[in-house]
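So the structure is just underneath, and the comments pick up after that.
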């Protein structure tokens, strides 16, 4: 069977049905990125319709790379946080045009590829202490939970305390809580397709409570996208802002993806797929600059497909194909309310939290840097900022204890680069 030859389903202890379901679950939890990323790109000057096409085509290209090169169930899409860095830092603060910012995306992707396709990735991975790797997974899990709580209306903004408990009587929150109970019961009882059933139930409840609104079905302009595709510019390549932008992007996509892919491949029980997955991501990140969007990441929502049983590249291929098809089904996709998606994100966050058991919290020089990562990622709404604080704190505490030999030499360099990444934006 050709699928068995391509994806080695039996060796990965999975089936076609399970992979199809996992791919659909991943699609449902990540499809929101199409509209959200396009909206953020629009603030940089990229037309909304072109941003939608760029997002979908980049995700599909990433799915092909992840499916046929890495054979891993990871979903690559333009990353939240990185798209904000692209628009609000590179374009608004640093003054790059969106064309020059896309040029910086392409160059940073090439740097990422140079690292991923050489032993540098393995050296970097060995230089990162296990406690920090586990902390990244836990921090991302809490971040995912926070996103889910916000999507479900359980957590809202507050002028006095920044965040507060939402209105438990609102239809959105009622749908979220009811769907969470249904999905959680299905999940702990190992009911096949538990997430899919929960999402369907949540959508049905959304109809009953009047929170489901069909999409508008606006047409996509391919002519407008022609100005964005391969529209990257290197006019500013000899300027300092261009290279600060490139360095910042490279720092984010390299270390964020090392952490994300480490967590996802470990969650899937396939750590041996780390290197090829990283390589697929690096190529997709470089292609992002050509397609016209901010760089890709192995999205945290990949965990939803993995938890649903996805173990091979078929999961990624299904998700990418559905994302491509979503161009014609955007009105239907919009019918799925946030209250139906939020419970899946919350449960996955709880699963990822289990990795905290692998952190040696009794050794404060190991536990405190890990704690910083875990706390700052969700509270700052930035994966890279959380990682930066933990990586800077780790060697400082080891030096204070006279344990400098416990810190790989490369980690001092990495910590210094992270420190520069935190300081440089304040100086520009």
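Numbering (our numbering), first residue to last: 99 to 526. All C-beta atoms, glycine included, are put in the ideal place defined by N, C-alpha and C. Remember, it's a predicted structure, so these values are computed and weren't measured experimentally.
Taking the Cα positions, residue 187 is about 10 angstroms away from residue 346. Around the beta carbon of residue 336, fewer than 16 other beta carbons lie within 10 angstroms, which makes this residue exposed. Inter-residue distance for residue 273 and residue 472 is about 29 angstroms (C-alpha atoms, whole angstroms).
In terms of Cβ geometry, residue 278 and residue 444 form a close pair [threshold 8 angstroms]. Shown here, residue 173 sits in coil according to DSSP, grouped into three states, outside any helix or strand. Residue 248 and residue 503 have their C-alpha atoms some 43 angstroms from each other. Taking all protein chains shown into account, residue 190 has fewer than 16 neighbouring C-beta atoms within 10 Å of its C-beta and is therefore exposed.
The DSSP assignment places 130-141 as complete runs of the alpha helix (DSSP H) inside the segment 130-162, in order along the chain (cut-off: 4 residues). Here the alpha carbons of residue 395 and residue 119 stand approximately 22 angstroms from one another. Between residue 366 and residue 171, the gap from beta carbon to beta carbon is short of 8 angstroms. Within the segment 417-447, complete alpha helix (DSSP H) segments of at least 4 residues are found at 428-431, given in chain order.
Residue pairing by DSSP places residue 253 opposite 263 in a beta bridge. Beta-bridge annotation (DSSP): residue 394 is paired with 176. The continuous alpha helix (DSSP H) containing residue 373 extends over residues 372-389.
If you look at residue 407, you'll find it isn't in any alpha helix (DSSP H); DSSP assigns it neither H nor E.
Residue 488 is not a Cβ neighbour of residue 507, given a cutoff of 8 angstroms. Excluding sequence positions up to five before and after residue 475, its CB lies within less than 6 angstroms of the CB of 237, 241, 481 and 484, all in the same chain and listed in chain order. Residue 412 and residue 340 have their C-alpha atoms roughly 38 angstroms apart. The residue from 167, 102, 350 and 124 with its alpha-carbon nearest to that of residue 408 is 124.
The alpha-carbon of residue 434 is positioned some 36 angstroms away from that of residue 456. Put simply, of 519, 257, 258 and 265 the residue whose alpha carbon is nearest the alpha carbon of residue 251 is 265.
Judged by DSSP secondary structure, residue 483 falls within the alpha helix (DSSP H) whose first and last residues are 481-498.
In chain order, 380, 381 and 384 place their CB closer than 7 angstroms to the CB of residue 211, counting only its own chain and leaving out the 5 sequence neighbours on each side.
In the structure shown, residue 189 adopts helical secondary structure according to DSSP, grouped into three states. CA-CA distance, residue 289 to residue 297, rounds to 14 angstroms. In this structure, 373 is the residue among 373, 459 and 398 with its C-alpha nearest to the C-alpha of residue 217.
Burial of residue 142 is indicated by the presence of at least 16 other C-beta atoms within 10 angstroms of its C-beta. Contact holds between the segment 131-141 and the segment 149-158, because three or more Cβ pairs, one in each stretch, are under 8 angstroms apart. In the three-state reduction of the DSSP assignment, residue 360 falls in the helix class, which pools H, G and I. Residue 292 places its beta carbon less than 8 angstroms from that of residue 281. Burial state of residue 101 is exposed, judged by a 10 Å Cβ sphere holding fewer than 16 other Cβ atoms.
The residues 174, 382 and 394, in chain order, have a CB closer than 6 angstroms to that of residue 160 in the same chain once the five nearest residues on each side in sequence are set aside.
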